[in-house]
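Remarks on the structure that follows.
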Amino acid sequence: MRSVELFAGAGGLAMGMWRAGFNHAAVVEWDHDSCETFRFNQRNHAHDVEQWPLHESDAREFDYRAISGEVVVVSGGPPCQPFSLGGKHRGYMDERDMFPEAVRAVRELRPKAFIFENVKGLLRQTFTTYFEYIQLQLSHPDLTRGRGETWEHHRARLERHHT
């Protein structure tokens with residue numbers, strides 16, 4: 004079974020997926036220090052990570068067409084800072100909000116399942132509408148956001164389709 008890992012960090016979730024029997028078709032992480040941790044582990048043959056195809060790149064620029072064959076699971080941990088209790092609470096207005104990229108991965112790869120983890124702050128009332136929007140997009144990946152369409156209008160269109 005093949006998987007794609009986004010926002011991999013130092014690889015904790017990727018390791019869990021590998022131990023569960025998944026082979027990574029791609030491991031995507033933009034942070035150089037995190038990628039250096041991967042490379043160190045690859046050079047030292049730690050836990051078979053040398054087989055993992057690491058892509059040090061911004062998820063917004065990653066081309067999923069380069070992945071051939073079926074991907075069963077897309078997993079990852081989009082940056083938590085936009086939703087963290089300790090942050091500025093900017094949510095979707097924060098340029099670090101990578102949930103649109105997580106949704107794009109699911110839309111383009113069409114896995115059988117996806118796993119995205121994040122902080123509890125994402126479930127706060129402040130972000131309820133946006134969290135519902137993320138869920139609706141993942142439920143209806145074919146209904147993409149139109150050019151110039153705000154996420155609020157896209158959400159309304161998704162809700163009409165969902166009911």
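Here our numbering is used: the sequence shown runs in plain steps of one and ends on residue 166. Idealized CB from N, CA, C, for every residue including glycine.
Considering only their Cβ atoms, is the gap separating valine 74 from arginine 5 smaller than 8 Å?
Translated into positions along the sequence shown, residue 5 becomes position 2. Translated into positions along the sequence shown, residue 74 becomes position 71. Yes, the pair counts as a contact, with Cβ atoms nearer than the cut-off.
Delimiting residues of the beta strand (DSSP E) encompassing histidine 1
This structure cannot speak to residue 1, because the chain is shown only from 4 to 166.
Alpha carbon to alpha carbon, how far is histidine 35 from alanine 69? Give it in angstroms, no decimals.
The residue given as residue 69 occupies position 66 in the sequence shown. The residue given as residue 35 occupies position 32 in the sequence shown. Roughly 22 Å separates the two Cα atoms.
Nearest neighbour of phenylalanine 41, chosen from Asn26, Glu59, Ala28 and Gly24 [CA to CA]:
Working through the sequence shown from its first residue, we reach residue 41 at position 38. Comparing Cα-Cα distances from phenylalanine 41 to each of Asn26, Glu59, Ala28 and Gly24, the minimum goes to Glu59.
What do you reckon, are the CB atoms on valine 76 and alanine 108 nearer than 8 Å?
One-based indexing of the sequence shown puts residue 76 at position 73. One-based indexing of the sequence shown puts residue 108 at position 105. No; because the gap between Cβ atoms is not below 8 Å, this pair is not in contact.
Between Gly90, Asp97 and Gly149, which has its C-alpha nearest tyrosine 133's C-alpha?
The residue labelled residue 133 in the question sits at position 130 within the sequence shown. Among Gly90, Asp97 and Gly149, the Cα nearest to that of tyrosine 133 belongs to Asp97.
Looking only at its own chain, which residues have a Cβ that is under 7 Å from the Cβ of phenylalanine 86, when we skip the five neighbours before and after it?
Numbered from 1 along the sequence shown, position 83 holds the residue referred to as residue 86. In the same chain as phenylalanine 86, and ignoring 5 residues on each side of it, the C-beta atoms closer than 7 Å to its own belong to Gly94, Asn121, Val122, Gly124, Leu125 and Phe130, in chain order.
Straight-line Cα distance separating glutamate 104 from threonine 166:
Walking along the sequence shown from the start, residue 166 turns up at place 163. Walking along the sequence shown from the start, residue 104 turns up at place 101. Near 25 Å, if we compare the C-alpha coordinates of glutamate 104 and threonine 166.
Leucine 16 and valine 31 closer than 8 Å at C-beta
Sequence index remark: in the sequence shown, residue 16 carries index 13 (1-based). Sequence index remark: in the sequence shown, residue 31 carries index 28 (1-based). No.
Where does valine 7 fall in DSSP's three states?
For this step, residue 7 is matched to residue 4 along the sequence shown. If DSSP states are grouped into helix, strand and coil, valine 7 belongs with the strands.
Under the three-state DSSP convention, the category histidine 58 falls into
Indexing the sequence shown from 1 puts residue 58 at position 55. Note: histidine 58 maps to strand in three-state DSSP.
Exposure of glutamine 128, with buried meaning 16 or more beta-carbon neighbours within 10 Å:
In the sequence shown, residue 128 corresponds to position 125, counting from 1. Flag for glutamine 128 reads exposed.
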